[in-house]
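Undergrad: For the protein sequence lines, the chains are V and A, in the order given.
The opening residue of the first sequence carries number 8 in the working numbering; numbering runs sequentially from there.
The opening residue of the second sequence carries number 382 in the working numbering; numbering runs sequentially from there.
C-beta: ideal position from N, C-alpha, C; glycine also.
Here the structure is a predicted model, which is why all the values come from computation and not from measurement.
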Amino acid sequence: MNKNIKIEYPNEEIIDHSIQKILDTSMQNIPSGSVIRHRVSETIGFRYLFFGMKDTLSLILICVVILYMSLFLSMNPEYSYIYLYGFILSPIPFLLFQCLSVWKDHSIGMTETKLTFKYRGKEVMCTQMIIMTIASILMSTVFSVLCSMNPAAEIPLFQLCIVNYLGLLLYSVGTLLIVLRSVSFLASYIMPMIWMFVSICFLFDPQPVNGFLMTLPRPAAIIIIFISLLVYTTLLIQEYRSIYRSGGEYAAN
Amino acid sequence: MLRIEHVSKRYGKKEVLKDINLEIGPGIYGIIAPNGAGKTTLMKLIATLLFPTEGSIYWNEQEILSLGAEYRSILGYMPQKPGYYRNYTAFDFLSYIAVLQGIPHDAAEEKIRTLLTRVNLDPDDRKKLKNYSGGMLQRAAIVQALLNDPKLILLDEPTAGLDPGERVNFRNMLHEMSSDRIILLSTHIVSDIETLADRVIFLKDQTVYVNDTPANIRSILDGKIYAVPQDYLLPHNAKVLEEQPSDNGTILRVCSNKPLPGCKLLKPTLEDVYLMIYGIRK
Chain V
8 MNKNIKIEYP NEEIIDHSIQ KILDTSMQNI PSGSVIRHRV SETIGFRYLF FGMKDTLSLI
68 LICVVILYMS LFLSMNPEYS YIYLYGFILS PIPFLLFQCL SVWKDHSIGM TETKLTFKYR
128 GKEVMCTQMI IMTIASILMS TVFSVLCSMN PAAEIPLFQL CIVNYLGLLL YSVGTLLIVL
188 RSVSFLASYI MPMIWMFVSI CFLFDPQPVN GFLMTLPRPA AIIIIFISLL VYTTLLIQEY
248 RSIYRSGGEY AAN
Chain A
382 MLRIEHVSKR YGKKEVLKDI NLEIGPGIYG IIAPNGAGKT TLMKLIATLL FPTEGSIYWN
442 EQEILSLGAE YRSILGYMPQ KPGYYRNYTA FDFLSYIAVL QGIPHDAAEE KIRTLLTRVN
502 LDPDDRKKLK NYSGGMLQRA AIVQALLNDP KLILLDEPTA GLDPGERVNF RNMLHEMSSD
562 RIILLSTHIV SDIETLADRV IFLKDQTVYV NDTPANIRSI LDGKIYAVPQ DYLLPHNAKV
622 LEEQPSDNGT ILRVCSNKPL PGCKLLKPTL EDVYLMIYGI RK
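1) Using a Cβ-Cβ cut-off of 8 Å (strictly less than) and excluding sequence neighbours within five positions of A:Asn441, which residues of its own chain qualify?
2) Which residues in chain A have a C-beta closer than 9 Å to the C-beta of V:Gly116? List them in chain order.
3) Roughly how many angstroms separate the alpha carbons of A:Lys605 and V:Lys111, rounded to a whole number?
4) On the CB-based measure, 16 or more other CB atoms within 10 Å of its CB, does A:Lys492 come out buried or exposed?
5) Interface residues of chain V around A:Leu456 at Cβ under 8 Å?
6) Counting only beta-carbon atoms, is A:Arg453 nearer than 7 Å to chain V?
7) If I follow the unbroken beta strand (DSSP E) through A:Phe583, where does it start and stop?
8) Do we get a CB-CB distance below 7 Å when we pair V:Glu161 with the residues of chain A?
9) State the DSSP-derived secondary structure class of A:Asn402, mapped to helix, strand or coil.
10) From the DSSP secondary-structure annotation, give me the bridge partner or partners of A:Lys645.
11) So is V:Glu19 in contact with chain A if we call contact Cβ pairs under 7 Å?
12) Measure the alpha-carbon distance for A:Lys394 versus A:Asp579 and round it to whole angstroms.
13) What is the residue span of the beta strand (DSSP E) that A:Met459 lies within?
14) Cutting at 8 Å between CB atoms, please list the residues of its own chain near A:Ile427, excluding the five before and the five after it.
15) Any idea if V:Ile21 is buried or exposed, counting beta-carbon neighbours within 10 angstroms, 16 or more meaning buried?
16) Is the stretch 399-419 of chain A in contact with the stretch 570-579 of chain A, if contact means three or more CB pairs nearer than 8 Å?
17) Can you pull the chain V neighbours of A:Ala428, defined as C-beta to C-beta under 7 Å?
18) What separation, rounded to the nearest whole angstrom, lies between the Cα atoms of V:Ile232 and V:Leu122?
19) What's the gap between the Cα of V:Asp225 and the Cα of V:Leu167?
20) What residue range does the alpha helix (DSSP H) around A:Arg552 cover?
21) Grab the span of the beta strand (DSSP E) containing A:Ile385 for me, first residue to last.
22) Measuring only between beta-carbons, confirm whether V:Phe53 sits less than 7 Å from chain A.
23) Since A:Pro616 sits in a beta bridge, which residues does DSSP pair it with?
24) Check whether the stretch 612-624 of chain A and the stretch 647-663 of chain A are in contact - that is, three or more C-beta pairs closer than 8 Å.
25) Any beta carbon of chain V sitting closer than 7 Å to that of A:Ile385?
26) How close, in whole Å, do the beta carbons of A:Ala521 and A:Leu543 come, if the pair is a contact with beta carbons under 8 Å?
27) Grab the span of the alpha helix (DSSP H) containing V:Leu218 for me, first residue to last.
28) Should V:Ile201 be listed as close to the ligand SAM, given that the test is whether its C-beta is under 6 Å from any heavy atom?
29) Check distances from the C-beta atoms of the stretch 89-119 of chain V to those of chain A and list, in chain order, the residues that come in under 8 Å.
30) By alpha-carbon positions, which one of A:Ile574, A:Arg494, A:Asn592 and A:Pro485 ends up nearest to A:Thr540?
31) With distances taken Cα to Cα, identify the nearest neighbour of A:Ile598 among A:Ala608, A:Phe583, A:Leu527 and A:Gln611.
32) What does A:Cys636 pair with, by DSSP beta-bridge criteria?
33) Determine contact between the stretch 447-457 of chain A and the stretch 499-515 of chain A, defined as no fewer than three beta-carbon pairs at a distance below 8 Å.
34) Answer yes or no: do A:Val589 and A:Ile401 have a C-beta to C-beta separation smaller than 7 Å?
35) Is it buried or exposed, A:Asn638, if we count other Cβ atoms within 10 angstroms and call 16 or more buried?
36) Looking at C-alpha atoms only, which residue of A:Asn416, A:Gly411, A:Val388 and A:Gln461 is the closest neighbour of A:Thr434?
Okay, structure coming up:
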C-alpha cells in the first residue's frame, strides 16, 4: 500500500448535498402523460414550431413538389417502380424540413446559443417531428390515392399506403434514435444522409427492391409498422419525461 | 461555485488551452487576452459547447457535463456573435428563447419586459430584429443571456458594438447582478474590466498567467509608469506603452524599472499591464 496517497474524505457539507441530491432525484414524480401534454402545450405553442416566412414557404414548396411528383407518377402508366418511389419519397417532407431548420439555425448562428438553453431545442424538434410525421402520412396517403386512381397502372391502394408508411416510420425512428442520443447539431444530418445514400443505392438497381415491396406480405408489413410506431411513441414519451425530470423547475424560482 | 480543474483543450495537434485551474465564486471575473488566445474556447468549455481534452469543470462539486439540463438552467450564455431571427420582433424572439429555457409563459412575459426596459429597448420591442442597429442587437442578446435569471453568466465580448452610454448602462446592470452570481466576461477591451471586475484573469501561453484583483494587478507596475517627453533619453530597458499628443509635443507613456528623473510618475492602469504582458501589436 502506498502511504503517500492521501485519501480525502468528504466533509459534512458534501455528504449533506449528496443525500439531498439523491432524495431530490428519487422522490421526484414521473409526470403522467396528461401532465406532459399540458406542459408541452404550455411551454411550446404551435407558433414556435414553424415560424417565419421562410419556414412557411419552404413547407408549402415541399408539399407542392410532393403533390406534383405524385400527379406525375400517377399519370405515367409506364411507371413500374412506384412502390420503391413511394417508400423513398414518403419521408421527404420530414427530411427536407429537418435539414432546412438545422441549416437555418446554423447559418444565423443560433445553433450554438440554442445548445446552451435548458431544452436545447430537442423538445421543439420532437414536437416538430410529430407534426411532420402526421403531415408526411397525409402526403403519402394523397400520393397513394393519386397513384391508385390511374386505371392503367393497376396499383392496389392498401399495399402502396403500407409501403409508404413503412418508409416514413423507419426514417422517423432512425432520426429519433440518432438525434436524441447525440449532443451535436450535426446529428440531425446523419439520418437524411443515410436515407439519401440508401435511396441512391436502391435506384441503381430498383427492380429487386420494388419487387420485394410489391410482394411484401401485408401482415408482416403491418407488424413492422406497428413495432415502429411503438418505438417511435416510446422514444418521444421517454424524451419528454427525461426533459421534465432532469430539467427541474424554472431556475429563477 | 465553479471549479475548473486541469482543463486542456486541443484541436488536433494545436493546443489552445493548457492545464487551466480556476476556482470561481460569486462576483465579476474578467478574462483578458488578445484575440485568438483561447478566451472563447474557455467560455465554450464552461458553456458545455465543447468538451475538454483533459480535465473537468465542476459546478457545486458536480461535473457540469453530467448535470445536463440542470446545469443549463442556471447558465446564461452570450456568444461572441449572437444569432437572431431577422423576421422576429425582439419581444417574440425573446419569448421563443423563454420557451427553450422552460420559463412559464406569464413569468417570461414579465421578465422580458423588465429586461427590455433595463437595456432601453422597451420602445422598440415590437420592431423586427432586422431593423435593429448593431448596438440594439447586442442589447437584445444580453437580455437573451439574462432571461432565465442565471446563476452563472458567460458573456463573450459583450460590449462590442455598444456606444459609451450603453456601455456604462451595461456595466451598472452587471454590477447590480453580481452579488449572488458568477459573471464571466471575456474581452480584449481592458477598460470594460478595469472598473467592473472583482478579479481579472490574464491568459498567456495557453494557460492562466495572472489571476488577481485589478488593484493587485495594477500594483505590479506601481512606481514604474512615467509620462516622458519624446526627446527624453530613455534607459535601455524602458518600454514605451503609448504616445499621447499634447500642447507641448508628444508625451510618451513609459514603463521603466529605473527611476526617470524629471518625469511625472503616473498611476498604472490595467492597460499598462496588458501591454507589458502581450506587447504592442503593430
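TA: Short version:
1) Met382
2) Pro460, Lys462, Pro463, Gly464 and Tyr465
3) 53 Å
4) buried
5) Ordered by position in chain V, the residues that pass the 8 Å Cβ test against A:Leu456 are Thr123.
6) yes
7) Arg580 to Lys585
8) So, not an interface residue.
9) strand
10) A:Ala608
11) no
12) Computed Cα separation, rounded: 35 Å.
13) Leu456 to Met459
14) Leu383, Ile385, Ile438, Ile445, Leu533, Leu535 and Leu565
15) exposed
16) yes
17) Thr123
18) 33 Å
19) The question names Asp, but residue 225 of chain V in the sequence shown is Arg. Rounded to whole angstroms, V:Arg225 to V:Leu167 spans 11 Å at the Cα level.
20) Pro545 to Met558
21) If you look at A:Ile385, you'll find it in the beta strand (DSSP E) that goes Leu383 to Tyr392.
22) With a pLDDT of only 49 at V:Phe53, under the threshold of 50, the placement of this residue in the model should not be trusted, and no figure is reported.
23) In DSSP, A:Pro616 forms no bridge with anything.
24) yes
25) no
26) Actually they do not touch by this definition, with Cβ atoms about 12 Å apart.
27) Note on identity: in this sequence residue 218 of chain V is Gly, with Leu being the wrong assignment. Here the alpha helix (DSSP H) through V:Gly218 covers Pro213 to Met221.
28) Although the ligand SAM was asked about, the structure shown includes no ligands whatsoever.
29) If the cut-off is 8 Å between Cβ atoms, the stretch 89-119 of chain V has Asp112, Ile115, Gly116, Met117, Thr118 and Glu119 near chain A.
30) A:Ile574
31) A:Phe583
32) A:Ile606 and A:Lys620
33) no
34) yes
35) By the 10 Å Cβ count, A:Asn638 comes out exposed.
36) A:Val388
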